[in-house]
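Sequence positions in the sequence shown follow the UniProt record's numbering and run 1 to 629.
Heads up, the thing below is written out as structure tokens.
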Amino acid sequence: MDFPHLFSPLRINRVTTKNRIVATPTGDFFEDKALGGAGIVITGHAIVEPGRSSYASPDEPDAFFKYEVEDTRRRVLKAHQAGAKASLEIFHGGLHARVKDFARGPSSFVREDGVEVRGMSEADMAEVLELWGRTARNARDLGFDMVFLHFGHGWLPAQFLSPRTNFRTDEYGGSLENRARFPLAILQAVRAAVGPDFPVDMRISAVEWMENSISFEDTLAFIRLAEPYIDTVQISAGVDIGIEGNVHLATTNFEEHMPNVPWAARVKAEVQIPVSVVGAIMTPDEAENLIASGVVDMVALGRPLIADPEWPRKAQEGRADEIVPCIRCLQCYHISTNRRNVGCSVNPRFWNEEFVPRQLTITPRPRRTVVVGGGPGGITAALTAAQRGHEVVLLEREDVLGGQLQYVAREHYKQDIKAYLDYLLRQIANSKVDVRTGVAATPEAVRELAPDALVIAVGATEVVPPIVGLGQPHVMTGNEAILREDELGDRVVVVGAGSIGTEIGLELARLRGKDVTLVDIGTTYAPQGNSLYREALRQKIEDTPTLGFRLGRRCLRIEAGAVVVADADGVEEALPADHVVVSVGMRARDDLARSFYGITPETVVVGDCVRPRIIMDAVFEGHTYAMNL
């Protein structure tokens with residue numbers, strides 16, 4: 001076995017798990033994760049107090065209400081069908097809950113949305129304690145194997161623990177002993193309700209990454225106080241409500257893998273119960289090393305199991321190279337996308353389970369399919385079509401596959417994109433697709449291939465604006481700069497502060513020690529990025545003193561040693577530059593795409609040649625077209 005420690009059993013109170021992998025409650029659909037081989041599947045959540053604890057709606061029902069309980073029971077069955085242990089997150093939103101009247105919290109105030117938050121009296125606490133216990137007992141009685149108490153991410157128990165939200169002056173505020181009093185009472189109530197033999201898990205944030213929040217030393221001390229009442233603890237970080245801390249709850253490409261491991265290791269050294277850790281544990285090698293070295297007892301996987309629910313099974317069967325890597329784009333996270341265009345860049349089924357099947361079917365009528373373009377959309381279409389039994393020819397004008405990914409993957413902060421590109425290249429190399437690189441497809445050449453179906457995925461090209469001085473040897477496009485980064489001088493001006501230009505500038509300044517100035521006619525850098533990507537980017541930028549901006553400026557001309565820009569009033573400024581990088585966006589190759597119409601009626605255009613967009617759109621379009629071909 002490739003990962004013997006990862007796939008060893010673990011005893012947690014009366015329950016034995018088949019492996020050390022916990023599927024976290026990311027997204028409401030968890031059945032794929034159970035079928036994919038996780039040892040523990042947290043099957044979504046149950047609110048503690050209907051009407052006053054949901055983060056989604058004041059009308060969210062009690063999971064054990066008589067008209068809901070059968071659906072809740074099916075959560076257990078869906079987890080059990082593949083041998084996973086079924087856990088249930090028990091949750092109270094506290095001061096952040098969606099309510100119709102008032103919210104509960106440690107301290108009284110009025111929220112920005114006008115909702116009153118009432119500091120809890122001891123009578124309130126007694127009522128809520130009974131509800132926590134009742135919910136846990138209902139979970140036990142309905143057949144769940146364990147419960148998962150959410151004490152992290154800024155929800156009600158964490159609100160009492162953190163001085164950021166607890167301003168009380170009585171015996172429930174001030175010192176850690178006082179701030180821990182109510183959270184410990186919750187644990188005592190749950191343990192009394194479920195008995196000594198039922199496994200109780202607890203998630204907690206090591207730190208919240210917010211101003212005036214709880215210290216790790218206090219978190220560690222609380223875990224030691226909690227240990228008599230719980231059977232295992234999961235270490236996370238950050239908060240859900242508060243964008244500065246939210247990007248440390250679900251990390252972006254700007255953070256290293258496994259950021260919470262140092263805290264989890266400290267906890268492991270201090271307690272006698274099993275410890276799990278969540279947060280950007282991306283590969284089976286990373287997970288195996290954590291467990292083999294004794295740093296933790298279990299790994300909790302969120303987004304990696306969104307990207308590929310089969311992650312555990314593939315690793316167990318010696319197929320780790322077939323795991324689809326998560327690229328940490330955060331499109332799967334409703335907060336980052338403002339609940340619009342939620343999905344997974346690399347797993348088209350996520351969020352679309354009702355119409356994108358888990359397993360592909362073999363086509364009853366194989367068709368000769370030509371795919372023009374070897375970016376992510378084209379590769380995905382080719383792979384899916386080939387898996388369904390179609391005869392596929394893939395034409396790519398470059399000598400290598402990848403499209404724009406081949407450039408992006410070279411950037412320092414894109415290690416996860418590189419892993420995804422490497423995955424695509426492995427898959428295509430091991431497929432039956434007839435790959436022809438270095439072939440500039442023309443309508444005539446494609447017609448000679450006599451396709452029954454044609455996928456046009458010719459992508460987009462860099463925009464080159466009509467700037468005076470553009471043709472000088474020290475001026476290059478964004479893609480050229482990525483390839484020739486070693487040649488750049490000490491002073492660099494990047495014209496264009498979109499996502500690509502800003503990341504190029506950040507890398508040059510932060511990792512290469514360049515003095516970089518980003519120029520853009522707009523007033524915001526990386527405006528096309530989702531909210532959490534932009535926040536993580538902001539935190540890096542503010543920690544990079546040699547990176548500056550001239551926003552709201554128009555580039556007038558490029559001179560031998562300077563870039564001349566002007567503000568809205570026409571005031572000019574010369575920015576010193578040894579090299580100039582022009583990265584003002586991408587333009588769809590729509591004319592080229594249109595030239596292929598008329599060869600066969602079964603023709604579809606996917607990806608950036610429709611219009612420049614995100615990876616998710618190209619992969620979804622390529623996969624779903626081919627799955628229905």
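Backbone N, C-alpha and C define an ideal beta-carbon position, used for all residues, glycine too.
Model, not experiment: these values are computed from the prediction.
| Item | Value |
| --- | --- |
| Looking only at C-alpha atoms, which of 561, 254 and 460 sits nearest to residue 411? | 254 |
| Should the segment 510–525 be called in touch with the segment 539–551, which here means at least 3 C-beta pairs below 8 Å? | yes |
| Put residue 460 into one of helix, strand or coil per three-state DSSP. | strand |
| Rounding to the nearest angstrom, what Cα-Cα distance links residue 33 and residue 305 in this structure? | 7 Å |
| Going by C-alpha distance, which of 106, 505 and 211 is nearest residue 178? | 106 |
| For the beta strand (DSSP E) that contains residue 232, what are its first and last residues? | 232–236 |
| Grab me the residues of residue 30's own chain with a C-beta within less than 8 Å of its C-beta, minus the 5 sequence neighbours each way, in chain order. | 23, 41, 42, 43, 44, 75, 78 and 79 |
| Going by Cα to Cα distance, which pick from 225, 211, 231 and 226 is closest to residue 238? | 211 |
| Am I right that residue 439 and residue 582 are in contact with their C-beta atoms under 8 Å? What's the rounded C-beta distance? | About 29 Å; that fails the 8 Å criterion. |
| How should residue 16 be labelled, buried or exposed, when 16 other C-beta atoms within 10 angstroms of its C-beta is the threshold for buried? | exposed |
| Helix, strand or coil for residue 513, going by three-state DSSP, please let me know. | coil |
| To the nearest angstrom, how far is the alpha carbon of residue 615 from that of residue 376? | 7 Å |
| Check each candidate in 599, 588 and 19 and name the one with the smallest Cα separation from residue 301. | 19 |
| State whether the segment 95–115 contacts the segment 64–74, with contact taken as three or more CB pairs (one from each stretch) at a distance under 8 Å. | no |
| Should the segment 136–145 be called in touch with the segment 226–234, which here means at least 3 C-beta pairs below 8 Å? | no |
| In the DSSP output, what is residue 508 paired with across the bridge? | For residue 508, which the question treats as bridged, DSSP gives no partner whatsoever. |
| Return helix, strand or coil for residue 396, following the three-state DSSP convention. | strand |
| Hey, residue 325 and residue 423 are a contact pair by Cβ (cut 8 Å); roughly how many whole angstroms apart? | 6 Å |
| Go ahead and label residue 269 buried or exposed: buried means 16 or more other beta carbons lie within 10 angstroms of its beta carbon, across all protein chains shown. | exposed |
| In this structure, how does DSSP classify residue 390 when only helix, strand and coil are distinguished? | coil |
| Give a yes or no on whether the C-beta atoms belonging to residue 296 and residue 277 are separated by under 8 Å. | yes |
| Whole beta strand (DSSP E) runs in the segment 315–385 with 3 or more residues, listed along the chain? | 368–372 |
| Would you kindly work out how many angstroms separate the C-alpha atoms of residue 401 and residue 448, rounded to a whole number? | 23 Å |
| Less than 8 Å between the CB atoms is what I'm expecting for residue 564 and residue 574, so what's the real figure, rounded? | 5 Å |
| Would you mind sorting residue 200 into buried or exposed? The rule is 16 or more other CB atoms within 10 Å of its CB. | buried |
| Taking 8 Å as the threshold, find out whether the segment 48–58 comes into contact with the segment 82–98 through three or more Cβ pairs. | yes |
| Is residue 612 helix, strand or coil by DSSP? | coil |
| Can you give me the Cβ contacts of residue 1 inside the same chain, cut-off strictly under 7 Å, excluding the 5 residues immediately before and after it? | 7 |
| Which residue or residues does DSSP assign as beta-bridge partners of residue 548? | 517 |
| Nearest by alpha-carbon distance to residue 274: which of 543, 258 and 224 is it? | 224 |
| Would you say residue 409 and residue 421 are within 8 Å of each other, going by their C-beta atoms? | yes |
| Going by DSSP in three states, residue 102 sits in which element: helix, strand or coil? | strand |
| Three or more C-beta pairs closer than 8 Å, one from the segment 333–350 and one from the segment 528–535: is that the case here? | yes |
| Grouping DSSP H, G and I as helix and E and B as strand, with all else coil, what is residue 87? | strand |
| Would you tell me roughly how many angstroms separate the C-alpha atoms of residue 480 and residue 462, rounded to the nearest one? | 10 Å |
| Which residues in the same chain have their Cβ closer than 8 Å to the Cβ of residue 61, if we skip the five residues on either side of it in sequence? | 50, 67 and 68 |
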